[in-house]
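Here is the structure we will look at, set down as structure tokens.
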Amino acid sequence: MKTGNALRSLLPVLVILALIAAVPLFSPSNRFLSLAISAGTNVIALYGLSVLFGQTGILSMGHAALVGVGAYAAAILARDFGVGFWTALPVAALASAVFAMIVGIPSLRVGGHHFVIMTFAFGQLLAIVLTNGGDYTGAATGLDIAGPVTLFGADMSDLTRYYLMVVAFVTAAAVASWAIIHSSYGRTLRAIRENEKLAASLGINVGRHKIGAFVVSGVFAGISGVLLAYFLGHISPSQFSSFPSIYLALMVMIGGARLIEGPLAGGILVAFLPEVLNLDPVQSRIVYGVCLIAVIMLLPDGLIGGIVRALRVAFSGKPKQEAERDAAPSEARQ
Amino acid sequence: MSPILAISGLSKQFGGVTALAGVDLAVEEGEILGVVGPNGSGKTTLFNVVTGVHKPSGGSVSFRGRDITGLKPHAISHAGIGYTFQQAMAFAGLRVLENVQIAGEHVRVNAGANHPWPTPLALLDFVGLRALADERAGVLPFGSLRLLGLALALASQPALLLLDEPAAGLNDRETVALVGLVRQLPGHGITVCVIDHDMKLMQMLCRRLAVLDFGSKIADGPTGAVLADPKVLDVYLGGDL
Amino acid sequence: MDIFIQQILNGLSIASVITLIAIGVTLIFGLTGIINFAHGEFLMIGGIVTWLAVSAGLGFPIAVVLAILAVGLMGYILERGLFRFTLERPTNGFIVSLGLIVVLQHVVVLFWNPNQKSIPRPLTTVWEVGGVRIASVRVMVILITIAVVALSFRMITASRYGRALRASVEDRDTAALMGIPVRRYITGVFVLGSGLAGLGGALLIALFPITPFTGGTMVMKGFAVALIGGLGNIYGAVAAGLILGIVEGFSAGYGFSQWTDAYSFVLMILVLIVRPHGLFGGTSGPRMAS
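First to last, the protein sequences are chains A, B and C. 1 is the number of the first residue of the first sequence in my numbering; add one for each residue after it. 335 is the number of the first residue of the second sequence in my numbering; add one for each residue after it. 576 is the number of the first residue of the third sequence in my numbering; add one for each residue after it.
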């Protein structure tokens with residue numbers, strides 16, 4: 001793909017993010033900002049998940065656990081070593097990446113369908129370990145994380161400032177994920193997604209690259225975890241168990257895993273839909289579930305992919321072939 | 335001169351079934367060798383063991399003097415052996431050009447300036463698919479898909495190309511086109527080994543044939559002589575010769 | 576020693592419920608390649624139906640039958656309405672099942688609140704044998720499971736349909752070529768598996784209170800057992816169910832109960848690493864069989 005074309009594909013996301021960054025000018029409510037911040041932390045993890053699922057075609061159902069590793073790393077670093085936000089960020093990202101590798105090596109060796117179950121099981125195990133971890137992990141109550149986030153001497157803990165910082169991180173995540181998609185590394189991952197046997201025959205070390213993609217997604221998740229921990233000020237095991245993982249997968253699929261707009265759209269939609277439709281949490285979860293099923297059955301590229309395709313049909317009269325089609329990869333054959 | 339690929343005493347058992355019973359085979363540099371045999375004779379097992387899909391139970395494979403026995407499929411490719419599968423294969427969801435780009439990005443033994451197809455488009459020209467470069471591989475007709483499979487294997491810059499039933503499913507015209515392409519390969523410095531049971535194809539392609547039966551090599555020599563060999567005739571009697 | 580036997584009995588009664596899920600999981604996966612994570616919610620619905628029926632004054636045996644029928648019917652509707660469209664892409668089937676988990680749980684919460692639900696124990700007798708206290712309700716659960724599993728075995732080993740089913744699990748395409756109506760078997764297996772999950776739910780609520788979220792941990796155990804036993808392998812599922820039940824019984828009896836839930840996951844992860852096709856051998860699903 002030519003660089004010009006590739007840059008053009010990034011532009012809509014940057015424009016949307018610029019608009020989102022301008023929101024504080026309209027003095028939004030605190031509730032709005034809080035929702036947006038938690039949506040933003042999710043979106044960062046979703047950009048990692050989109051590399052893993054959208055490009056490589058492997059789905060992690062334990063992704064919240066990787067976020068949790070980042071969050072707990074930040075909290076424990078702050079408590080035991082007095083380490084602040086900016087130092088915790090790379091360390092936690094590394095911790096999540098290492099955890100991803102530890103989970104990934106045996107899980108991907110097992111291969112195929114089982115990978116999903118393995119990630120789910122590891123996610124559950126982590127929640128159990130955190131719950132039984134005594135004082136070190138704060139058991140079921142979890143840990144508090146106190147301490148201001150400062151940037152160039154300015155206190156970022158103020159809701160609006162934290163919001164802007166999260167938007168900046170989301171932008172960085174989007175650009176990083178875009179850069180991966182448009183690199184030859186991204187092509188390699190897509191080759192694995194499309195046909196593992198053929199990829200291997202062309203010299204691609206399939207196992208190593210799959211673990212690599214999982215580790216990359218772990219870095220995104222770790223950063224997301226640190227931002228989440230410092231935003232909430234308190235973390236507990238249930239935030240990172242199986243169901244948050246399901247919601248992450250749901251968001252990336254509602255948005256569409258292969259498009260650069262997908263994670264952003266999925267994260268925002270899932271966070272704000274209940275507000276817009278005035279649903280209570282129970283109703284909104286039912287709506288999420290129905291959306292997920294509907295998207296998979298009817299709009300395999302996710303909502304945004306569906307809109308893009310509809311627009312293409314409307315403007316050019318025929319669906320464009322290279323609009324990437326399927327949400328799920330062709331089944332791995334080995 | 336020593337052969338480019340030397341297989342010696344290669345054997346493979348699946349459970350109690352012997353698929354290969356100590357096969358010796360040498361592929362000489364610059365030739366197009368045919369490996370034939372009826373279904374179940376061990377052809378595909380031989381292919382799978384050499385390309386690293388299965389681990390051999392015994393014996394060895396060496397390529398340009400280097401022992402490559404039991405290497406993983408991607409490492410076989412890195413060593414300089416390209417291969418195409420019986421089932422025509424491409425990255426269906428990606429564009430044709432992107433397919434070839436990927437195939438050229440993981441080459442370890444680089445042919446450098448001598449590479450006959452310096453760009454993916456040149457390679458698509460060679461197999462006659464340039465006009466389809468922007469199509470999604472999944473929409474190609476079967477014959478074009480086979481050619482794309484060949485292009486992908488060539489893009490990995492192999493010194494030796496193994497083709498497993500390259501003409502299966504092709505009509506006569508497509509087969510002739512494919513034969514035309516494959517016969518050019520030795521001229522580009524690529525040794526070819528074709529595994530097939532289609533004798534018509536083999537006669538068009540190969541000057542030398544090796545015949546497998548029940549996992550053993552029963553004949554090896556110039557095509558004409560092998561086809562006149564009573565042992566070979568016996569194997570194929572009433573078969574698909 | 577007394578505690579020991581008691582804990583094994585407790586473990587076995589839970590293992591019974593898990594085995595009932597695992598059989599459904601293993602058959603559905605073996606035939607379709609679909610990992611149906613919502614199977615735990617099927618179980619939960621079975622429990623809820625039982626609770627509703629008993630609360631409405633019906634006897635436990637009738638409630639059990641209702642649970643089996645209701646969940647079986649639900650399985651039929653979901654297979655016809657959703658899962659059959661995902662047969663070519665089992666991963667999509669898996670994702671659909673995740674959506675179902677969320678929907679089913681919260682529909683139950685919406686109508687019947689998220690609190691624990693329990694029924695009076697259908698059997699209250701406790702036998703004392705040589706100092707060991709044996710709750711008859713646990714024995715009932717184990718016996719019903721044994722009977723149902725034995726019946727399933729018989730269906731699968733001795734009948735024409737069973738042979739066709741096993742052939743389909745072994746190799747769906749060849750079975751279809753041989754004239755076996757594989758699609759209908761897929762529907763049948765969904766209904767059978769769902770019915771067993773309904774039964775499991777009814778038996779579970781006879782032992783413990785349940786919540787709308789009970790399915791989550793149970794399905795993981797069911798999967799652990801199905802995987803350990805080898806997906807697609809019923810015998811394996813039963814054997815693995817026994818192993819897990821005994822391990823859990825032991826650990827609860829010796830004071831590691833907070834780790835009980837971890838065993839199935841650890842066991843499953845280890846088994847998958849060491850023997851990816853399970854301890855007793857299984858298929859990797861229809862799409863991977865080649």
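Backbone N, C-alpha and C define an ideal beta-carbon position, used for all residues, glycine too.
| query | result |
| --- | --- |
| Rounded straight-line distance, which links the Cα of B/Val461 to that of A/Leu303 | 39 Å |
| Per-residue DSSP class, three states only, for C/Pro695 | coil |
| Where the alpha helix (DSSP H) through B/Val443 begins and ends | Counting along the chain, B/Val443 falls outside any alpha helix (DSSP H), and DSSP gives it neither H nor E. |
| Chain A within 9 Å of B/Ile402, Cβ atoms only | no |
| Rounded Cβ spacing between A/Val51 and A/Ala213 (contact assumed at less than 8 Å) | 6 Å |
| Inter-residue spacing [alpha-carbon to alpha-carbon] between B/Leu339 and B/Asn433 | 28 Å |
| Backbone CA spacing between B/Val566 and B/Asp506 [nearest angstrom] | 26 Å |
| Per-residue burial, A/Ile268 [other beta carbons within 10 Å of its own, 16 or more giving buried] | buried |
| Residue-level contact to chain B via CB, A/Val206, 9 Å cutoff | yes |
| Segment limits, beta strand (DSSP E) that includes B/Thr418 | Ile415 to Thr418 |
| Residue-level contact to chain A via CB, C/Thr699, 9 Å cutoff | no |
| Whole-angstrom distance between A/Gly289 and A/Pro12, CA atom to CA atom | 28 Å |
| Nearest candidate by alpha-carbon position, reference A/Gly54, set A/Ile180, A/Gln239, A/Asp280 and A/Phe272 | A/Ile180 |
| Boundaries of the beta strand (DSSP E) in which B/Leu543 is found, first to last residue | Arg542 to Asp547 |
| Distance between C/Val704 and B/Lys389 (C-alpha atoms, nearest Å) | 57 Å |
| B/Ala429 vs B/Asp468 beta-carbon contact at 9 Å | According to the sequence displayed, residue 429 of chain B carries Arg and not Ala. In contact: B/Arg429 and B/Asp468 (Cβ atoms closer than 9 Å). |
| Cβ-based contacts, 8 Å cut-off: residues of the segment 663-678 of chain C near chain A | Arg664, Pro665, Thr666, Asn667, Phe669, Ile670, Val671, Leu673, Gly674, Leu675, Ile676, Val677 and Val678 |
| At least three beta-carbon pairs within less than 8 Å, the segment 650-657 of chain C to the segment 756-771 of chain C | yes |
| Exposure of A/Pro90, with buried meaning 16 or more beta-carbon neighbours within 10 Å | exposed |
| Continuous alpha helix (DSSP H) stretch holding B/Ala489: start and end | Phe476 to Ala489 |
| Candidates C/Asn585, C/Gln581 and C/Ile598, of which the one nearest C/Leu802 by Cα | C/Ile598 |
| Contact residues within the segment 163-193 of chain A, judged by C-beta distance below 8 Å to chain B | Ser184, Arg187, Thr188, Arg190, Ala191 and Arg193 |
| Straight-line Cα distance separating A/Gly305 from C/Met619 | 35 Å |
| Span of the alpha helix (DSSP H) around A/Pro374 | A query on residue 374 of chain A cannot be resolved here, the shown segment of chain A reaching from 1 to 334 and no further. |
| Residues in the segment 89-113 of chain A having any Cβ partner in chain B nearer than 7 Å | none |
| Residues that A/Asn132 contacts on chain C, provided the C-beta gap is smaller than 7 Å | Gln833 and Trp834 |
| Paired residues, beta bridge with B/Arg429 - DSSP | B/Arg470 |
| When C/Val764, C/Gly763 and C/Ala742 are compared against C/Gly754, the one with the closest alpha-carbon | C/Ala742 |
| Proximal residues of chain A, C-beta to C-beta of C/Gly791 below 7 Å | Ser242 |
| Bounding residues of the beta strand (DSSP E) (the contiguous stretch that carries A/Ser217) | Taken as a continuous stretch (DSSP letters only), A/Ser217 belongs to no beta strand (DSSP E), being part of the alpha helix (DSSP H) at Val206 to Leu232. |
| N-terminal and C-terminal residue of the beta strand (DSSP E) that B/Gly393 is part of | Gly392 to Phe397 |
| Rounded separation between B/Ile523 and A/Met251 - CA only | With the sequence shown as reference, residue 523 of chain B is identified as Gly, and Ile is not the correct amino acid for it. For B/Gly523 and A/Met251, the distance between alpha carbons rounds to 52 Å. |
| Beta-carbon proximity of A/Leu164 to A/Pro263, cut-off 9 Å | no |
| Delimiting residues of the beta strand (DSSP E) encompassing B/Gln347 | Leu339 to Phe348 |
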